[in-house]
Amino acid sequence: MPLALVTGASAGIGFQLARQLAERGYDIVGVGASERVADLGARLQGVQGVQGVQGVQGVQVVPVQADLATAEGVDRVWAAVEDADRPLDVACLNAGRSLGGAFLDTDLDDELAMLALNVTGQVRLAKRVVRHMAPRRAGHLLVTTSCSALTPTPYESIYGPTRSFMLSFAEGLREEMREHGVVVTALLPGATATDFHRSAGMGATKFGSNDWKNDPALVARQGLEALFADQDHVVGGNRATQEDAARNRTLSDPVKAKEFARSSRPGPQRE
Ligand SMILES: NC(=O)c1ccc[n+]([C@@H]2O[C@H](COP(=O)([O-])OP(=O)(O)OC[C@H]3O[C@@H](n4cnc5c(N)ncnc54)[C@H](OP(=O)(O)O)[C@@H]3O)[C@@H](O)[C@H]2O)c1
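Residue numbers (UniProt numbering): 1 to 271.
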């Protein structure tokens with residue numbers, strides 16, 4: 001069976017990436033930060049009857065609990081890949097988090113820890129992945145960034161730049177890896193119905209409710225289809241999300257910043 005690595009596999013978009021790769025016949029090395037990754041195999045195989053999720057039988061799932069904000073965490077993940085003792089065919093660098101609130105108020109250590117996960121950890125792991133794939137002249141690397149990469153993100157002021165970094169990194173790396181036979185694709189989800197905004201402390205903003213957001217299964221499917229179709233990037237989400245992303249390519253940064261602040265500023269929505 002081919003092998004896939006998915007970070008952030010215990011929840012949200014990463015869980016759907018892992019499930020859909022399992023459906024495509026991949027064994028999975030799945031990474032999460034907390035203990036909940038331990039039952040990933042059971043969840044993917046439907047043992048616990050996850051609501052709305054069809055189990056995938058016959059796949060081998062290796063759960064890895066690791067903090068990808070640290071070098072040790074990345075080493076632990078890579079050791080699990082090497083333990084599989086076969087080529088890694090697909091890597092989804094997907095784990096990430098945000099932190100909402102006014103920059104005046106947010107905690108600096110928390111922000112630096114987010115940078116360590118969303119940027120430094122991704123680069124560390126990407127280095128391992130491409131050095132493993134390039135000599136084989138084969139492999140697919142999907143980098144989850146965000147539509148937030150296309151706009152200033154006031155009241156989420158460090159998160160957006162981490163996604164811009166990863167988008168630019170993925171597009172550049174894609175060009176380098178082309179001659180080595182490795183495909184690199186960036187996935188830019190729009191707002192998606194996961195734990196993400198709640199974990200970021202954004203419950204009191206427009207992003208607090210999951211009712212209007214994209215289905216993580218749709219976002220993951222679009223990401224994998226783009227990866228296997230060798231596209232440089234794809235926006236993940238419904239038609240409104242696609243239109244918003246296209247619009248964000250044309251508006252000025254000050255206009256986008258004002259619009260974004262209306263949704264991200266804590267408290268009553270402001271005009
Ligand atoms: N949801 C959105 O609206 C949205 C929009 C655009 C882009 N994105 C991007 O999509 C990606 C996935 O987000 P999501 O919405 O699926 O989030 P999520 O539901 O909150 O899941 C986050 C995943 O990342 C893992 N994780 C968090 N911190 C980690 C750490 N320090 N080390 C290792 N793993 C860690 C979590 O593990 P535990 O479960 O153990 O904590 C979980 O598996 C992120 O990169 C995010 O930037 C999300």
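The beta-carbon is built from N, C-alpha and C at its ideal position, and this holds for glycine as well.
| request: Find the nearest neighbour of residue 169 within the set 150, 143, 155 and 159, judged by alpha-carbon distance. | output: Position 169 of the sequence shown, counted from the first residue, corresponds to residue 169. Here the closest residue by C-alpha is 143.
Look up residue 32 in the DSSP assignment and say whether it is helix, strand or coil.
One-based indexing of the sequence shown puts residue 32 at position 32. Reduced to three states, the DSSP call for residue 32 is strand.
### Message
When you compare the CB positions of residue 33 and residue 75, do they come within less than 7 Å of one another, or not?
### Response
Counting from one through the sequence shown, the residue named residue 33 turns up at place 33. Counting from one through the sequence shown, the residue named residue 75 turns up at place 75. Contact flag unset, no.
*Is it true that the CB of residue 157 sits closer than 7 Å to the CB of residue 188?*
Residue mapping note: residue 188 aligns to position 188 of the sequence shown, counting from 1. Residue mapping note: residue 157 aligns to position 157 of the sequence shown, counting from 1. No, these two residues do not count as a Cβ contact at 7 Å.
Q) Just the Cα atoms here: how many angstroms apart are residue 178 and residue 165? A) Within the sequence shown, residue 178 is the residue found at index 178, counting from 1. Within the sequence shown, residue 165 is the residue found at index 165, counting from 1. Between residue 178 and residue 165, the C-alpha separation is close to 20 Å.
*For the candidate residues 107, 84, 259 and 81, whose alpha-carbon lies nearest to that of residue 201?*
Position 201 of the sequence shown, counting from 1, holds the residue named residue 201. The residue with the shortest Cα to Cα distance from residue 201 is 107.
*Just to confirm, does residue 94 get its C-beta within under 6 Å of one of the non-hydrogen atoms of ligand 1?*
Counted from its first residue, the sequence shown places residue 94 at position 94. The answer is yes for residue 94.
Would you say residue 173 lies against chain C (beta-carbon separation less than 7 Å)?
Absent from the structure is chain C; it holds one protein chain and no more.
Where does residue 52 land, buried or exposed, given buried means 16+ other C-beta within 10 angstroms? Locating residue 52 in the sequence shown gives position 52, counting from the first residue. Residue confidence for residue 52 is low, a pLDDT of 47 falling below 50, so the modelled location carries little weight and cannot support an answer.
Worksheet entry | Counted within 10 angstroms of its Cβ, other Cβ atoms place residue 15 as buried (16 or more) or exposed | Here residue 15 corresponds to residue number 15 of the sequence shown, with the count starting at 1. Buried, because 16 or more other Cβ atoms sit within 10 Å of the Cβ of residue 15.
- Candidates 199, 191, 198 and 232, of which the one nearest residue 212 by Cα: Stepping through the sequence shown from its first residue, residue 212 is reached at position 212. Of the listed residues, the one whose Cα sits closest to residue 212 is 191.
Q.
Looking at ligand 1, does it come within less than 6 Å of residue 158, judged from the CB to the closest heavy atom?
A. The residue labelled residue 158 in the question sits at position 158 within the sequence shown. Checking the Cβ of residue 158 against ligand 1 gives no.
So, for residue 1: in the same chain, excluding its five sequence neighbours on each side, which residues have a beta-carbon less than 8 Å away from its beta-carbon? Here residue 1 refers to the residue found at position 1 of the sequence shown. Counting only Cβ-Cβ distances below 8 Å, and skipping sequence neighbours, we find 25, 26, 27, 59 and 60.
Beta-carbon within less than 6 Å of residue 222's beta-carbon, same chain only, minus the 5 sequence neighbours each way: which residues are those? Reading the sequence shown from its first residue, position 222 is the one you call residue 222. Taken in chain order, the residues that qualify are 234 and 236.
Checklist entry - Measuring CA to CA, which of 92, 4 and 161 is closest to residue 150? => result Sequence index remark: in the sequence shown, residue 150 carries index 150 (1-based). Checked all of 92, 4 and 161; the closest Cα to residue 150 is 161.
Please go through the stretch 134 to 221 and give each complete beta strand (DSSP E) segment of 3 or more residues, from N-terminal end onward.
140 to 144 and 183 to 189
Tell me whether residue 10, by its Cβ, gets closer than 6 Å to a heavy atom of ligand 1. Numbered from 1 along the sequence shown, position 10 holds the residue referred to as residue 10. For ligand 1, at least one heavy atom lies less than 6 Å from the Cβ of residue 10.
**Asked** What are the residues that DSSP puts in a beta bridge with residue 7?
**Response** In the sequence shown, the residue the question calls residue 7 occupies position 7. In DSSP, residue 7 forms a bridge with 31.
| said: Tell me which residues share the same chain as residue 220 and place their Cβ nearer than 6 Å to its Cβ, disregarding the 5 neighbours each side in the sequence. | reply: By 1-based counting over the sequence shown, the position of residue 220 is 220. Excluding sequence neighbours, residue 220 sits near 13, 16, 17 and 20.
Query raised in the report: For ligand 1, is there a heavy atom less than 6 Å away from the beta-carbon of residue 199?
Result: Start at 1 with the first residue of the sequence shown, and residue 199 comes out as number 199. Answer for residue 199: yes, Cβ within range of ligand 1.
Next on the checklist: Let me check you understand the geometry: is the CB of residue 189 closer than 6 Å to at least one non-hydrogen atom of ligand 1?
Outcome noted: Locating residue 189 in the sequence shown gives position 189, where the first residue counts as 1. Under cutoff, so the answer is yes.
*asked:* DSSP has residue 236 in a bridge; who is on the other side?
replied: The sequence position of residue 236 within the sequence shown is 236, counting from 1. Note: residue 236 sits in a beta bridge opposite 189.
>> Going by DSSP, what residue range makes up the alpha helix (DSSP H) through residue 18?
In response: In the sequence shown, residue 18 corresponds to position 18, counting from 1. Looking at the DSSP string, the run of the alpha helix (DSSP H) that includes residue 18 is 12 to 23.
ask   = Going by Cα to Cα distance, which pick from 186, 215 and 199 is closest to residue 226?
value = Translated into positions along the sequence shown, residue 226 becomes position 226. With distances taken between Cα atoms, residue 226 lies closest to 186.
Exercise for the section: Assign residue 271 to one of three DSSP states: helix, strand, or coil. Expected result: Counted from its first residue, the sequence shown places residue 271 at position 271. For residue 271, the predicted model reports a pLDDT of 39, less than 50, meaning its position is unreliable and no value from the coordinates is stated.
* Asked: Taking buried to mean at least 16 other C-beta atoms within 10 Å of its own C-beta, is residue 250 buried or exposed?
  -> What you label residue 250 is simply residue 250 of the sequence shown in a count that begins at 1. That one is exposed.
Q.
Rounded to the nearest angstrom, what separates residue 289 and residue 199 at their Cα positions?
A. This structure cannot speak to residue 289, because the chain is shown only from 1 to 271.
Between the beta-carbon of residue 266 and the beta-carbon of residue 205, is there less than 7 Å?
Locating residue 266 in the sequence shown gives position 266, where the first residue counts as 1. Locating residue 205 in the sequence shown gives position 205, where the first residue counts as 1. In contact: residue 266 and residue 205 (Cβ atoms closer than 7 Å).
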